[in-house]
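Student: The structure follows.
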Amino acid sequence: MFNQTIIRVGVRYGVLCGLACFVLLLVLYFAGTDPFGDLGRISFFPIPLFVFWAIRYYKKFHEGEIGFLKGLRVGLAVSLYTSLCTSMLVFILIYIAGPDLLQLHINETLALLEQTREEQIKLLGEKAYQMGYEAINSMTPGMLAADDFLRRIFAGLIFSLVAAVFFRK
Numbered sequence: 027m028f029n030q031t032i033i034r035v036g037v038r039y040g041v042l043c044g045l046a047c048f049v050l051l052l053v054l055y056f057a058g059t060d061p062f063g064d065l066g067r068i069s070f071f072p073i074p075l076f077v078f079w080a081i082r083y084y085k086k087f088h089e090g091e092i093g094f095l096k097g098l099r100v101g102l103a104v105s106l107y108t109s110l111c112t113s114m115l116v117f118i119l120i121y122i123a124g125p126d127l128l129q130l131h132i133n134e135t136l137a138l139l140e141q142t143r144e145e146q147i148k149l150l151g152e153k154a155y156q157m158g159y160e161a162i163n164s165m166t167p168g169m170l171a172a173d174d175f176l177r178r179i180f181a182g183l184i185f186s187l188v189a190a191v192f193f194r195k
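Under the working numbering, the residue at position 161 of the sequence shown is numbered 187, and the numbers go up by one with no gaps.
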C-alpha cells in the first residue's frame, strides 16, 4: 500500500511544481496586480505539466506499465506536495509583504462581490450575502493560504484523473 517510489516522485515533482507556481505568483505580485485574484489562476498552469511529467517518469523508469490507480496515486502525490509547498510559500509571502497584500485581495474580492450583489442575493438570500461579506472582511493570511491549498489540491485531482486515464495499461 505504501510505496516509497511514489512518494519520492511526488516530492520531487511536487516541490518543483510548487516553486514554479509560486514564481508565477511572485511575478504577478511584482507586476502590481493581486496574485490571488483572477489573474492568479495563471499560477495553476504548471500543475498539469508536472503531473503529466511525474506519471511519465514513473512509468518509464519504475514500472513500465502502470494501471489507473497507480497513476492516480502518483498524480495525487504530486498535487499534495505542490499544494503544501505553494500554500506554505504564500503564507510566508503574505507575512513578508505585510498587510497591504492581504488588504489588496480583500478589496478586490469585495468589489467583485458588490458588482454581483443582485445575483448573489437572488441566489443565496440577503443573510447569506451579508455573512459572506463579513467573512471576506475577516480574512487572515492562514485562511488565504488554506484556500490556496484547497484550490490547488482540487485542480491537481482533476489533472491526476486525466493523466492516470492517459497512462493506464
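Ideal Cβ placement from N, Cα and C applies to all residues, glycine included.
Quick one: give me the first and last residue of the alpha helix (DSSP H) that residue 108 is part of.
Tutor: Here the alpha helix (DSSP H) through residue 108 covers 94 to 123.
Student: When the Cα of residue 137 is compared with those of 171, 163 and 120, which residue comes out closest?
Tutor: The shortest Cα separation from residue 137 among 171, 163 and 120 belongs to 163.
Student: Could you give the first and the last residue of the continuous alpha helix (DSSP H) run that contains residue 56?
Tutor: That run of the alpha helix (DSSP H) goes 30 to 56.
Student: Per DSSP, residue 194 is paired with what?
Tutor: BP columns for residue 194 point to 92.
Student: Express the C-alpha separation of residue 75 and residue 45 in angstroms, rounding to a whole number.
Tutor: Looking at the two C-alpha atoms, the distance is approximately 13 Å.
Student: Just how far apart, CA to CA, sit residue 198 and residue 69?
Tutor: Any property of residue 198 remains undetermined from this structure, which presents the chain solely from 27 to 195.
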